[in-house]
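Reviewing the structure listed below.
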Amino acid sequence: MAEKREYEFVDSNNPTKRPRQSGGTGRRQGQGNYDAVSERANSLKKSSGACWRCRYLKKPCDDEETCRECQRNSGFWGLHPNLGCKRGQLTILAEFLFPDYPSPQHSGLAGPYGYLPALDLLSSIRTDIQLLSAKGILQSGLYSYLLNLIEEDANIADNQSFFSPAFQYLSASLQLCDALTGNQHDDPSLNPPRLIETMRSSIIEVLQQLDKFICKKTNSTEILTIMFTLCVITVGTEIRLECFTQARHDPETLREYCESVQTKWHDTMIALFSACKDFKVSGDIEESVFEITNWKLEYVELLADQAAHYQKPHTGSKIGAEGRLLWKLTTLHAKLFTACAEGNKELVRSLLNKAPRIQTESKAGWSGLHWASNNGCVSLLSLLVEKGENITLQDRNGWSPLFVAARNQQYNVVSRLLELGADIDAETKTGSTALHQAVERGHISTIRYLLDRRADINKTNGREDTTFHLAVAGGNLEVVKFLAEKVADINTTNGREETALHLAVAGRNPEVVKLLVEKGADLELFNAFGETALHLAAHYGLLALIEILVNRGADLDARDGENATPLFKATAEGHQNAVAMLLANGSNIKAMNRNQETPMFVAARRGHEGLVQSLLQNGDDARRTAKHGATALHEAAENGHNATIRLLLENHADINAQTDYGWTALYKSMAAGHEGTKLLLLEQGASVMGQNMAMEEVLYETVRNGNLGAVQLLVENGANVGATTSVGWQALHIAVQSGHEAIAKLLLNHGASIAAANNNGWHALHFAIENGHEAIVKLLLDHGASIAAADDNGWQALHFAAYNGHEAIAKLLLDHGASIAAADDNGWQALHFAAQNGHEAIAKLLLDYGANVAAVTKIGRQAFNIAKDHGYEDIIKLLFDHSANIAAAAESSIG
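In my numbering, the protein residues as written are 138 to 1032.
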């Protein structure tokens, strides 16, 4: 038996922090349908402050004698019997779950057949698993691993009586699987009902045993014993679910037993595990055990990752016992990873000696060397290499053990790995080396050592960052100073054409910027966007950096890719102090960008009222025009910045100024849907009248946006409601397509043509039907829209309705006289379209209105053929039944 120890795991990055040990992260679903189980467990788990009758039934039990906690409604009582139920809670749970079954405690029976010693049962269970595996009933590998580890660590020999009921349950589960998969047994005790009875008895006994522990002060060894017991029961449940999932036999047999076994035992397991949540001696046991319930092979990866985050275990604490248990219930290679992460040299040696072919590479590609390197376990490195570990092995991200050690500032590990032959310049998949990683992490001692061992300082990563770029981006002044003396050129650019100075400014680090400037960094080099370091400083509003750069002679009017100066950058982001500093140092306030805008335009567009005022006070003009005649007032109006509009008007901006396309500030506000801005401009004297083309464009936009007030203002002031776009659309088409009934009615009342068609021959009625706007269809019909009007393909209104499945609209059209036999240019009638798209209700409606089921298209296709092509069986049946009814009626009339 393995010696029992108590562990405390300490965070390697923060030794004073004690992590919460639970299985709550990374939950994976096991085989079988566990979704409902998880949901039930979560709901039960959230209930608190009541006895298990209350929590299981989700309502008070109203039994003050049994559960005073229901009346008190405060806290858990698993460790305090005097605060809650007078009898053990798990005993009550057993009686509640199995009210008709005599308690073994009361009857004097351990079970229907008595219990064998636990080790004898375990031996028998292994045989049963092998037999079921040979028959293909279940996969034995995972369960064999679990049983091996339970036997190794659970101290079964010292707790024979405690483990026997759990193993009896597991044995009955295996026998039930065998019985339900069609195997016949002469032994009458192996029929399913008797097996279920055995399982029920076993669970009652387990509950009563756990009760004894809960009602007394329990030590950590007993805690682990309880948890291993629950794991045994979990294995039994998992095996049975796997059998039910994979079995290929008479489903009637399954249905007969699934309801009584699978569903009932799911709830039993939930109740059992959740009851142990009250057992708060060693963390959240229920979470840990529930994780084991959902245990699968890929879960090993998560457990190994968890192991890697902790240093060597320290004895003397109960914290983390259940986490340790989770790690033990994994495959051997995860156990090896745990030992490597803990620096447990003897266990590593033992595992490698016992299983020389043990798999030493995880799913993510990490080996024992990775784990040992990650946690600074230098004493293990030689042993692992001697046992065949590949020192250059890279994981799926290209990380080698050396890279991992450099990443975690494991100086001694880096040194030892290089002595053992590690490649000092090995690259990850992103092109990073151990030196890059040490620099990014700011590990100066590791950096010095790697450079002393001739690591390539000029090697770039996948983004073409050099070691020096990474140091500057990291902002560690000591590392930057050290490397600045080592690199040949501090102005080297990376893949984004950034220099170290660009990176320092972006990192907002004045000390590093000052150092680079003193070392001769070029202030006027551009990045990929044409920005200098001063552009970036202005963009971020970094006054200290702006001051350093300006004092060193940075060009205040350098132009980026948009021909914008640093003043534009500061203005766009609303950095008032940065703007003031740039202006005070002579930045050109009238400099123009690519669109012939000054910074004032940018401020007006962004709504920076204070900056607009500052720029005006420093000499800019509110009446200035940019490319295509736009003014700052246009920008403010389009974006709804009313305070800026007032400021510009106070500074003599022209309220009716038009762009080269005739757009005024009022039009901009209306098209953008800013009702308050529209009203403000009207109050200030803006004219609604303008160029016809501009008014028409504004009309289209306001109609599309559903702005009834703006549309009304335009049409009442002469906007042409019949104007067409280049593709023949009119305002009415836009309104009905968008579903704006009130606007459509307004346009019709102001003379919009209901018969106007676009370049594809679509009328307003077609647009309304296509988009399913029944109310608008009624409106258009009331205004005289033609039901028979066809588009360029010969589609009429009923065709649109049938094609799109709008039953109510189709009925409305038929009631208004739509021709049910009308065909398009290809001979398709409405019934053909309904059959094509599977609209059974439409097809039935059309047949009820007299549609000809035998009508053919120009290529001889009937509705039946079309429905058959698309697999619409309901429509096929509908058409057949209708044909049969017609034939029957015809025969009856002849007779």
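Positions of the beta carbon are idealized from the N, C-alpha and C atoms, including for glycine.
Following the continuous alpha helix (DSSP H) through S582, name the residue where it begins and the one where it ends.
Where S582 is concerned, the enclosing alpha helix (DSSP H) starts and stops at 581-589.
Just to check my reading of the structure: A790 and A809 have Cβ atoms closer than 8 Å, yes? What is that Cβ distance to the nearest angstrom?
Actually they are not in contact, since the Cβ atoms of A790 and A809 sit about 18 Å apart, beyond 8 Å.
Can you name, in chain order, every residue of its own chain whose Cβ lies under 6 Å from the Cβ of H976, other than the five neighbours on each side?
Apart from the 5 residues on each side of it in sequence, H976 sits with its Cβ closer than 6 Å to the Cβ of G942 in its chain, given in chain order.
Proximity of E833 and A856 at Cβ, strictly below 9 Å
yes
Can you list, in chain order, the residues of its chain with a C-beta nearer than 6 Å to that of T597? Leave out the 5 residues immediately preceding and following it.
Within the same chain, T597 has close Cβ partners T603.
To the nearest angstrom, how far is it from the Cα of V551 to the Cα of L588?
12 Å
Got a sec, what are the start and stop residues for the alpha helix (DSSP H) E622 sits in?
It is not in any alpha helix (DSSP H) - E622 carries neither H nor E in the DSSP assignment.
Give the single residue among A316, E288, Q546, D928 whose Cα lies nearest to the Cα of N895.
D928
So for S863, helix, strand or coil by DSSP?
coil
Looking only at its chain, what residues have a beta carbon closer than 8 Å to the beta carbon of G813, apart from the 5 residues adjacent to it on each side?
G777, N779
Helix, strand or coil at T366 according to DSSP, with G and I counted as helix
helix
Expressed to the nearest angstrom, what Euclidean distance is found between the alpha-carbon atoms of I782 and R742?
10 Å
What residues in its chain sit with their C-beta under 8 Å from that of L982, if we drop five residues either side in the sequence?
E944, A947, K948, L951, listed in sequence order.
Which residue wins for smallest C-alpha separation from G756, given the options R731, E772, S724?
Distance from the Cα of G756 is smallest, within the candidate group R731, E772, S724, for S724.
Where does H877 sit, in a helix, a strand or coil, going by DSSP?
coil
Exposed unless 16 or more other CB atoms sit within 10 angstroms - verdict on T264
The residue in question, T264, is exposed, as its Cβ has fewer than 16 Cβ neighbours within 10 Å.
From what residue to what residue does the alpha helix (DSSP H) around K1005 run?
1000-1007
Cα separation between E668 and L614?
So the two alpha carbons sit approximately 24 Å from each other.
Once DSSP output is grouped into helix, strand and coil, what is the label at S516?
helix
CA nearest to the CA of A912, picked from A872, G525, I274:
A872
Short check: CB of H903 to CB of A926, under 9 Å?
yes
Thinking just about the alpha-carbon of each residue, which of S504, E556, L517 is nearest to the one in L538?
As written in the sequence, residue 538 is Pro, which differs from the Leu given in the question. The candidate whose alpha carbon is nearest that of P538 is S504.
Can you find the residues in the same chain that come closer than 6 Å, C-beta to C-beta, to R157, ignoring five residues on each side of it along the sequence?
The predicted position of R157 is uncertain, since its pLDDT is 31 and thus under 50; a value taken from the coordinates is nonetheless stated next. Taken in chain order, the list of residues that qualify is empty.
Same chain, Cβ closer than 6 Å to T121, five either side skipped, listed in chain order:
With the chain represented from 138 up to 1032, any question about residue 121 goes unanswered, as that position is not in the structure.
Buried/exposed call for G373, threshold 16 Cβ in 10 Å:
buried
Taking only the alpha-carbon atoms, compute the straight-line gap between S890 and V914 and give it to the nearest angstrom.
15 Å
What are the boundary residues of the alpha helix (DSSP H) that I957 is part of?
From DSSP, I957 is part of no alpha helix (DSSP H); its letter is neither H nor E.
Through-space distance from G846 to G987, alpha-carbon basis
46 Å
Take D692 as the anchor and find which of E699, A675, L818 has the nearest alpha-carbon.
The candidate whose alpha carbon is nearest that of D692 is A675.
Since A763 and N793 should fall inside the 8 Å C-beta cutoff, what is the C-beta to C-beta distance between them, to a whole number of angstroms?
With a Cβ gap of about 17 Å, A763 and N793 do not count as contacting.
Taking only three categories from DSSP, how would you classify H887?
coil
Given that a residue counts as buried once 16 or more other Cβ atoms are within 10 Å of its Cβ, and exposed if not, what is F970?
buried
Can you tell me which of T796, D797, L819, H936 puts its alpha carbon nearest to the alpha carbon of L803?
L803 has its Cα closest to that of L819, out of T796, D797, L819, H936.
I need the straight-line Cα distance from I266 to G273, nearest angstrom please.
Between I266 and G273, the C-alpha separation is close to 10 Å.
Neighbourhood of N930 by C-beta, 7 Å cutoff - its chain only, sequence neighbours within 5 removed:
D961, D962
How many Å lie between V576 and A610 at the Cα?
10 Å
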